[in-house]
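What follows is a single structure, written as structure tokens, with notes after it.
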Amino acid sequence: MVKKVTEGITISVETFYQPDYSNPIGSEFMFAYRITIENNNTFPIKLLRRHWYIIDSNGTRREVEGEGVVGVQPLLAPGESYQYVSGSNLRTEIGKMYGHYQIENQLDKKLFEVKIPEFQMIVPFKLN
């Protein structure tokens, strides 16, 4: 698990290789990741947007951005957390992702950016 704190928001990421949805012979490797967002501030926040960078070990780089996460824009009161699971496919056995969320302070409506820590996606047999 990797973790990063930005502007009072803690982002934690766990990754999981998905062998049932992968096809190594066809260079298709599917990974799931679980993200936990914790609001350690004294004000409520709303996650408005996400921006991801996905990089395969062959140098292929993709960007994904859009509203919210998994179809929602979660609202978190002080001390609350939100967890979701999503996924990404790679063309290689090793890759990484990182990015940021655009967050809105619900009291003064100011926007700020929260970093998503870089995390590795590695097929388990590559770790031996």
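Sequential numbering of the sequence shown, starting at 1, is according to full-length UniProt numbering. Backbone N, C-alpha and C fix where the C-beta goes; we use that ideal spot for every residue, glycine too.
By Cβ distance, which residues of its chain are closer than 7 Å to residue i, with the 5 residues on each side in sequence left out?
| i | result |
| --- | --- |
| Asp-56 | Leu-90, Arg-91, Thr-92, Gly-95 |
| Met-1 | Ser-12, Val-13, Glu-14 |
Mind reading off the beta-carbon distance from residue i to residue j? Whole number of angstroms is fine, and I expect it under 8 Å.
| i | j | result |
| --- | --- | --- |
| Phe-16 | Phe-31 | 7 Å |
| Gln-102 | Arg-49 | 4 Å |
Please report the distance separating the alpha-carbon of residue i from that of residue j.
| i | j | result |
| --- | --- | --- |
| Phe-43 | Ile-9 | 11 Å |
| Asn-39 | Tyr-21 | 33 Å |
| Asn-105 | Tyr-53 | 25 Å |
| Arg-34 | Ser-81 | 13 Å |
| Gly-66 | Asn-58 | 25 Å |
| Val-69 | Asn-23 | 26 Å |
| Gly-79 | Glu-113 | 19 Å |
| Leu-76 | Asn-41 | 10 Å |
| Glu-63 | Gly-99 | 9 Å |
| Lys-126 | Ile-25 | 15 Å |
| His-51 | Ser-27 | 25 Å |
| Ser-86 | Leu-111 | 24 Å |
| Val-72 | Thr-60 | 28 Å |
Chain D beta carbons: is any one of them nearer than 8 Å to that of residue i?
| i | result |
| --- | --- |
| Val-70 | Given the protein chain composition of this structure (a single chain), no chain D is represented. |
Quick check: does the Cβ of residue i come within less than 7 Å of any heavy atom belonging to the ligand NAP?
| i | result |
| --- | --- |
| Asn-41 | Among the components modelled here there is no ligand, and therefore nothing to report on the ligand NAP. |
Please name the residue in the options whose C-alpha comes closest to that of residue i.
| i | options | result |
| --- | --- | --- |
| Asp-108 | Arg-34, Arg-62, Lys-46, Tyr-33 | Lys-46 |
| residue 142 | Thr-60, Ser-27, Glu-7 | The chain is shown only over 1 to 128; residue 142 falls outside these bounds and no answer can be derived. |
With a threshold of 6 Å on Cβ separation, who are the neighbours of residue i within its own chain once the five nearest residues in sequence on each side are excluded?
| i | result |
| --- | --- |
| Lys-4 | Ile-11, Lys-115, Pro-117 |
| Pro-74 | Leu-47, Tyr-82 |
Assess, as a yes-or-no matter, whether the stretch 13-27 is touched by the stretch 107-124 under the definition of 3 or more beta carbon pairs within less than 8 Å.
yes
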